[in-house]
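In my numbering, the protein residues as written are 2 to 95. Glycine residues also receive a C-beta, built at the ideal position from the N, C-alpha and C atoms. Note sheet for the following structure.
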């Protein structure tokens with residue numbers, strides 16, 4: 002009756018990161034941190050989990066001398082997000 006929820010996406014911060022990345026082509030770490038209100042350390046850990054799952058691509062560059070981490074949702078991440086939303090819908094159908 003109820004579909005299983007993806008435990009990787011069923012975290013508030015990881016879900017917020019994925020939702021943000023759906024609405025933009027790519028986003029840097031600072032933007033994601035500002036939008037989510039997360040600490041840098043926690044956000045870094047959660048992005049790493051999404052990256053290891055293949056849901057988010059991460060590119061590390063520099064802006065001048067400052068490190069810059071760019072995140073982008075992958076096709077696999079988009080599919081996982083869509084499956085997660087479909088699973089959530091099974092919980093709210095009357």
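- Going by beta carbons, residue 92 and residue 3 fall inside the 7 Å limit.
- In the three-state DSSP reduction, residue 60 falls in the strand class (E or B).
- When DSSP states are grouped into helix, strand and coil, residue 50 belongs to the helix group.
- Annotated three-state conformation of residue 28 is strand, per DSSP.
- For residue 6, same chain residues with a beta-carbon under 6 Å away, outside a window of 5 residues either side, are 88 in chain order.
- Here residue 75 is not near residue 61, since their CB atoms are 7 Å or more apart.
- Ranked by Cα distance from residue 51, the options 90, 94, 13 are led by 13.
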